[in-house]
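Note that numbering that gives the first Met the number 0 gives residue 41 to position 42 of the sequence shown, counting from 1, and the numbers run on in steps of one.
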Amino acid sequence: MKEAIDLIFKELADLKAASQKEVEEARIRFLGKKGEVTALMEQFRTVAPELKREYGQRLNELKKAAAAKIEELKEAAEEAAVAAAPKEDLSMPGDAMPLGSRHPVSIVRQQIVDIFRKFGYDVAEGPEIEDDYHVFEALNFPPNHPAREMQDTFFVSTGHVNPLLLRTHTSSVQVRTMESQGLPIRVVCPGRVFRNEAISARAHCIFHQVEGLYIDKDVTFADLKQAILLFAREMFGPDTEIRMRPSYFPFTEPSAEVDVSCNICHGKGCNICKGTGWLEIMGCGMVDPNVLKASGIDPEKYSGFAFGMGVERIAMLKWQVNDLRHYFENDMRFLQEFATATEV
Ligand code: DAH
0 MKEAIDLIFK ELADLKAASQ KEVEEARIRF LGKKGEVTAL MEQFRTVAPE
50 LKREYGQRLN ELKKAAAAKI EELKEAAEEA AVAAAPKEDL SMPGDAMPLG
100 SRHPVSIVRQ QIVDIFRKFG YDVAEGPEIE DDYHVFEALN FPPNHPAREM
150 QDTFFVSTGH VNPLLLRTHT SSVQVRTMES QGLPIRVVCP GRVFRNEAIS
200 ARAHCIFHQV EGLYIDKDVT FADLKQAILL FAREMFGPDT EIRMRPSYFP
250 FTEPSAEVDV SCNICHGKGC NICKGTGWLE IMGCGMVDPN VLKASGIDPE
300 KYSGFAFGMG VERIAMLKWQ VNDLRHYFEN DMRFLQEFAT ATEV
């Protein structure tokens with residue numbers, strides 16, 4: 000038995016194993032169930048009692064030495080495998096990180112605001128959940144005006160004198176500005192508005208408006224016309240023309256609807272302007288004296304103009320988008336078209 004132990008010690012000392020597979024084979028050969036060391040352990044049971052102590056010690060050493068050797072070879076083989084694996088090519092280009100971009104409605108809203116800022120207007124904001132007073136009453140809507148009906152307005156609470164509702168236009172911010180700011184006033188009010196409309200290519204229940212309000216001494220309709228002409232030329236190009244058509248809004252008198260010359264066909268007539276050469280962009284007018292009075296401004300001393308436009312509508316005209324719903328569906332293919340469209 001002694002010779003057998005010595006022989007295995009020698010074999011272990013000479014043992015070489017390059018691959019992980021060879022290490023495993025060596026482990027089975029020495030330490031497996033039928034391995035050489037295991038076989039000697041079996042044999043040990045038959046050793047004469049006076050030799051047990053000596054051989055027992057030797058055998059234990061052998062078993063430990065075999066395990067240590069196998070472990071050592073295993074680590075070496077693992078290291079070799081890692082070293083042999085294909086290296087990372089540090090000169091490869093990195094993975095592109097897709098960058099988000101601003102939403103087209105945000106881009107146009109910002110463009111509108113920036114144009115009016117250049118003209119000296121401030122920006123005012125108001126709450127989306129408003130009361131009937133600021134959305135209707137202070138803006139000269141008669142008590143039974145259809146806009147106050149359930150089918151046009153989302154009410155948050157009803158059944159009392161001044162119900163809460165989702166604002167149907169940003170004209171409510173006019174009222175809040177007149178209540179809280181000193182004169183003169185020159186503001187634009189961008190914001191989200193809500194109407195109880197069936198969703199279609201031309202209408203949505205949520206959209207955005209920019210309202211404008213200018214109040215000072217001696218403000219005239221000519222000032223209004225000039226402000227809108229300058230805005231239209233900044234927005235749609237320097238050769239843009241405007242025309243005004245008489246209209247009606249409870250909060251302005253006189254009131255008008257503004258058209259810009261079609262920036263696609265330049266007046267010749269196309270399917271975007273339905274052959275007319277003109278595109279409607281906003282409502283406007285001189286602030287009704289009743290509206291000034293409701294907010295404590297003396298209409299004998301002051302006058303003003305107001306206008307309101309839909310941001311999605313301006314964006315549709317600017318970029319010839321034919322379905323309003325594109326703006327709300329967050330389809331990446333649509334949104335990415337505007338990734339670089341940030342210039343005014
Ligand atoms: N508030 C109107 C709307 O939502 C838009 C509007 C028209 C605003 C005329 C005005 C205005 O300030 O003078 O349709």
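No residue lacks a Cβ here, since even glycine has one placed at the ideal position from N, Cα and C.
Alpha-carbon to alpha-carbon, residue j and residue i
i, j, result
"Val343", "Glu233", "Confidence in Val343 is poor, its pLDDT being 42 and thus under 50, which makes the residue's placement too unreliable to answer from."
"Val310", "Asp94", "36 Å"
"Gly236", "Ser179", "36 Å"
"Val286", "Tyr247", "12 Å"
"Glu60", "Lys32", "18 Å"
"Thr251", "Met96", "50 Å"
"Glu279", "Tyr120", "23 Å"
"Phe337", "Tyr326", "11 Å"
"Tyr54", "Ala75", "31 Å"
"Glu70", "Asn329", "58 Å"
Spatially closest choice to residue i from the options, by CA coordinates
i, options, result
"Cys283", "Thr219, Asp322, Arg57 and Tyr301", "Thr219"
"Ser260", "Glu252, Leu138 and Arg242", "Arg242"
"Gln319", "Asp330, Asn270, Glu127 and Met285", "Asn270"
"His133", "Lys117, Gly119 and Ser171", "Ser171"
"Arg185", "Lys117, Leu316 and Ile128", "Lys117"
"Ile227", "Ser199, Phe304 and Ser294", "Phe304"
"Ser18", "Glu53, Ala82, Arg244 and Leu58", "Ala82"
"His203", "Pro298, Arg244, Lys224 and Asp151", "Asp151"
"Pro189", "Ile7, Phe206 and Ala197", "Phe206"
"Met331", "Ala3, Arg101 and Ile4", "Arg101"
heavy atom of the ligand DAH below 7 Å from residue i C-beta
i, result
"Gln225", "no"
"Gln208", "yes"
"Gly284", "yes"
"Gly190", "no"
"Ala202", "no"
"Gly307", "yes"
Chain-order list of residues whose beta-carbon lies under 7 Å from that of residue i (same chain, five-residue window excluded)
i, result
"Thr239", "Ala231, Arg232, Val259, Ser260 and Asn262"
Chain-order list of residues whose beta-carbon lies under 8 Å from that of residue i (same chain, five-residue window excluded)
i, result
"Leu182", "Ile214, Asp215, Ile296 and Tyr301"
"Cys264", "Ile271, Cys272 and Gly276"
Contacting residues, own chain, Cβ-Cβ under 6 Å from residue i (five flanking each side not counted)
i, result
"Asp131", "Asn161 and Pro162"
"Lys62", "Val36"
Residue(s) in a DSSP beta bridge with residue i
i, result
"Met281", "Val257 and Met308"
"Arg185", "Tyr213"
"Asp130", "Leu163"
"Gly190", "Gln208"
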